[in-house]
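*Asks:*
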Amino acid sequence: METAEKEILRGGQFLVKETKCEDIFTLEDLNEEQKMMRESTKEFVDRELWAHWERFEKKDYAYTEECMRKAGELGLLSVAVPEAYGGMGMGFVSTMLVCDYISGATGSFSTAFGAHTGIGTMPITLYGTEEQKQKYVPKLASGEWFGAYCLTEPGAGSDANSGKTKAVLSEDGKYYSITGQKMWISNAGFCNLFIVFARIEDDKNITGFIVENDPKNGISLGDEEKKLGIHSSSTRQVFFNETKVPVENMLSERGNGFKIAMNALNVGRIKLAAACLEAQRRVLNEATKYANERVQFKTPIMNFGAIKAKIADMATNAYADESACYRAAKNIEDRIAIRQADGNSHQEAELKGVEEYAIECSILKVAVSEHVQHTTDEGIQIFGGMGFSADTPMESAWRDARISRIYEGTNEINRMLAVGMLVKKAMKGHVDLLGPATAVGEELMGIPSFDTPDYSELFSEEKDMVARLKKVFLMVAGSAVQKFGPNLEEHQMLLMSAADILIQVYLAESTILRAEKNAKRFGEDNQATQIAMAKLYLYRAVDIVNQKGKEAIVSFAEGDEQRMMLMGLKRFTKYTNQPNVVALRTQIADKVAADNGYTFD
1 METAEKEILR GGQFLVKETK CEDIFTLEDL NEEQKMMRES TKEFVDRELW AHWERFEKKD
61 YAYTEECMRK AGELGLLSVA VPEAYGGMGM GFVSTMLVCD YISGATGSFS TAFGAHTGIG
121 TMPITLYGTE EQKQKYVPKL ASGEWFGAYC LTEPGAGSDA NSGKTKAVLS EDGKYYSITG
181 QKMWISNAGF CNLFIVFARI EDDKNITGFI VENDPKNGIS LGDEEKKLGI HSSSTRQVFF
241 NETKVPVENM LSERGNGFKI AMNALNVGRI KLAAACLEAQ RRVLNEATKY ANERVQFKTP
301 IMNFGAIKAK IADMATNAYA DESACYRAAK NIEDRIAIRQ ADGNSHQEAE LKGVEEYAIE
361 CSILKVAVSE HVQHTTDEGI QIFGGMGFSA DTPMESAWRD ARISRIYEGT NEINRMLAVG
421 MLVKKAMKGH VDLLGPATAV GEELMGIPSF DTPDYSELFS EEKDMVARLK KVFLMVAGSA
481 VQKFGPNLEE HQMLLMSAAD ILIQVYLAES TILRAEKNAK RFGEDNQATQ IAMAKLYLYR
541 AVDIVNQKGK EAIVSFAEGD EQRMMLMGLK RFTKYTNQPN VVALRTQIAD KVAADNGYTF
601 D
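For the sequence shown, UniProt numbering gives the first residue as 1, with consecutive numbering after it.
#1: Tell me whether the beta-carbon of K182 lies closer than 8 angstroms to the beta-carbon of Q237.
#2: Apart from the five residues on each side of it in sequence, which residues of its chain come closer than 7 angstroms, Cβ to Cβ, to Q373?
#3: Going by the CB atoms, is the gap between L228 and R55 shorter than 8 angstroms?
#4: What first and last residue would you give for the alpha helix (DSSP H) that runs through R563?
#5: Determine the extent of the alpha helix (DSSP H) in which V238 is found, giving its start and end residues.
#6: Can you give me the Cβ contacts of D432 inside the same chain, cut-off strictly under 8 angstroms, excluding the 5 residues immediately before and after it?
#7: Mind reading off the beta-carbon distance from G549 to V476? Whole number of angstroms is fine, and I expect it under 8 angstroms.
#8: Does DSSP put W145 in a helix, a strand or coil?
#9: Select from A105, N414 and E153 the residue whose C-alpha is nearest the C-alpha of A51.
#10: Could you check where the beta strand (DSSP E) with G91 kicks off and where it finishes?
#11: Buried or exposed: which applies to N31, given that a residue is buried once 16 or more other Cβ atoms fall within 10 Å of its Cβ?
#12: How long is the line joining the alpha carbons of E33 and S94, rounded to whole angstroms?
#13: Could you say which of L49, G128, Y63 and D60 lies nearest to Y85 if we only look at CA atoms?
#14: On a CA-only basis, which of L507, E355 and E130 is nearest K259? Give me that one, please.
#15: Identify whether L77 lies in helix, strand or coil by the three-state DSSP scheme.
#16: Just the C-alpha distance for E322 and A275, rounded to the nearest angstrom, thanks.
#17: Count the other C-beta atoms from every protein chain shown that fall within 10 angstroms of the C-beta of Y319, then say buried if there are 16 or more, exposed otherwise.
#18: Using the three-state DSSP reduction, which class does G180 fall into: helix, strand or coil?
#19: Under the rule that 16 or more other beta-carbon atoms within 10 Å means buried, what is P453, buried or exposed?
#20: In angstroms with no decimal places, state the Cα-to-Cα distance between S108 and K226.
#21: If we ignore side chains and look at the alpha-carbon of each, how far apart do L193 and Q13 end up?
#22: Quick one: what's got a C-beta closer than 7 angstroms to V582's C-beta in the same chain, skipping five residues either side?
#23: With a CB to CB cut of under 7 angstroms and the five nearest residues on each side skipped, what residues in its chain are close to M445?
#24: For N518, does the count of other Cβ atoms within 10 angstroms reach 16, so buried, or fall short, so exposed?
#25: Look at R281 and D60 and say whether their C-beta atoms are less than 8 angstroms apart.
#26: Looking only at its chain, what residues have a beta carbon closer than 6 angstroms to the beta carbon of V542, apart from the 5 residues adjacent to it on each side?
#27: Measure from the alpha carbon of E442 to the alpha carbon of each residue in E333, E561, E18 and H430, then state which is nearest.
#28: Are K271 and G409 close, meaning C-beta to C-beta below 8 angstroms?
#29: May I ask you to verify whether the segment 340-355 touches the segment 369-383, counting CB pairs closer than 8 angstroms and requiring at least 3?
#30: Taking the beta strand (DSSP E) that E212 falls in, what are its first and last residues?
#31: Just confirm the distance between the C-beta atoms of A532 and Q578, as a whole number of angstroms; I'd bet it's less than 8 angstroms.
#32: At the level of alpha carbons, what is the spacing between G72 and S186?
This is the structure we're talking about:
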C-alpha cells in the first residue's frame, strides 16, 4: 500500500507538486461495471425525467416523489450505501458517476436526489451507531423512506453554528424535546425522516439528531416555497414544537453537530459539482441541435463564428469540469482505500478521505456551478427568442442552475474556505507552501533566463505555464500571509482573488493532464479536439490569473515590492508561443457540430 500512498497527493498538494498524467483518473478510465451504471442511469433519466421535463416546471411535487421511488427500485439511491445496510457499496467514483448523470434533466429531481442520498442518508451511514444504521439506512437506501436535512434557520444561513433550535433533556433522561424553526428544507413535503441540528443548553456547538417525521409529535410544515427555479423540489419550513426524540437518536456525540454538518458539506460540494456536469452536456446538446437546424440568412446559424465561439467555450468548460471532478473523486476513493487497508472503519475512512480533499471539493463546487450558469445562459442566447420561452427547456435550465451557487455554502464562502484551508494545512505542515513561496521570492530577485525553451513535445509549454501559474498563487498568497498573518481572513476581497487563481490552476492542470493521458493512449490525432480544449481552457485561465493577480498585487503591495511582483506576474503569465484562439474555437465547434452534440464523456 506504501506505493499508492506515495503516488496520491494529499489535498492541496497539487499546488506545490507536479502530477504526472498517468497518475490521474479520467472518465475514459471507467470500468465496464461503471459504464453499465452510467448507461442505466441515463436510460432512467431519458425515460422518466427528460421526457417529462414540463411536469417539473408545473410544480408537480407528486411526480418528483414518484420518480424518487422509481430510482429507489432501480437501486440508484443505494449506490453509496454499504452492502451491510442494503446498499450497493460502490466506490466514490461510482457514486459521483450516478450523481452526475442523474442530475442533468431537471434541477427539481436532482435536488430531491441529492438531499436524500447525500445529506439525508449519509450522516447516518457515516456517524450513526450500528443500531441507528440497521434501523434506518436500509429503508432510505431502497426508497421506502425518504430523508431530509434540517440545518438552516431564519437567522442562521452561512453561519450554520448560530442556530437557535433547542434540545432539552427530559427529567427521566429518556428523550430530548426539540423546539425551533428550520427553513429551505428540501424534501420536507414527503420525507419520513429528518436529520435535525439543535443546541443543548448553552453548548458552543450544535448537536445532530435523527427525527422521524410524525405530525402528532409536534412537527408541522410551512407552505411550499415559491422559488426562482427547481419548481418541483419540495422546499418548506419545518417547525418543531417540543418534538420528543429518544436519547438513542442523537447522531454521534453531543456538540458534534457542527462537525457533522461541515463534513456533510464537503461531500455535498463535490457531489454538487458532479450534479452540474450532465446539465452542461444536455444544454450543449440541445443548443447544438438547434444551431445545426436553425437557418438564418440562408445558412444554419452554427456556421456563424459568433455561435461557434459560444459552442466551443461551453464544450471546453464541460470537458475541464469533468477532468477536475473525476480526478478529485478518484483521489478521494484511493485515500479511502488506503485508510481501510490501514484498519480504519468504513465510516472513519470515508470521512477522513473526503476531508483530506476539502480544498478540492470547494474549488470544484465554485468552478462547476459558475460554468453551468454560463452554459445555460449561452444556451438561451443560441436559441434566441425561443430560449426565453418556457416552451423550450433552456429557460428552466437557466433558472435551475442559479441555486447551485448558493447550495452547500455560497461560492463566496467556498472561495474563502479554499484558500483558508490551504493556509491552515501549510501551518500544520501538511502542505509545504513556505518553501516554494520563498523560492518564488528568490526567483523574482534573480535574473530571468532568456533561453528559448524546447517546447516540441505535446503540452510541454502548457505544463510549463501551469507551473508558472502556481508561482503566481504562491507569490500573491505568500506575500499576503506574510503581511497579514492570522488576520488574513479579514481581507476577503484579497482571498477571493487568490481563490480565483487557485481554481484556475486546478482546472487548467486537470484538463491538460486528461488530454495528455488520452493522447498518449489513443493517439494525438484521435484526441485533436480534446487537445484543443485543453489549450483553450489554459489560455482563458491565464487571462483570469493575470487579472486577479494584478488586482491583488496593486491592492496590498506598494513601491518596489509592487513593481517587482507585477514584473513577476508578467513573467509568469507570458506565452512563448501564443495559441491561435479563433482556430482552437473553430476546431472545437466544428467537431461538436459534426457530432450534433458533446461526445467527449
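Where is the CB? At the ideal position from N, CA and C, for every residue including glycine. Only a predicted model underlies this, so the values are computations on that prediction, with no experimental measurement involved.
*Replies:* Judging by the given coordinates:
#1: yes
#2: A401, R402 and R405
#3: no
#4: G559 to F572
#5: V238 -> not in any alpha helix (DSSP H); beta strand (DSSP E) instead, spanning T235 to P246.
#6: V16 and A426
#7: 6 angstroms
#8: coil
#9: A105
#10: Neither: G91 is in no beta strand (DSSP E) and is coded neither H nor E.
#11: exposed
#12: 9 angstroms
#13: G128
#14: E355
#15: coil
#16: 11 angstroms
#17: buried
#18: strand
#19: exposed
#20: 13 angstroms
#21: 39 angstroms
#22: none
#23: none
#24: buried
#25: no
#26: T573
#27: E561
#28: no
#29: no
#30: T207 to E212
#31: Not quite, the Cβ-Cβ distance comes to about 15 angstroms (not below 8 angstroms), so this is no contact.
#32: 18 angstroms
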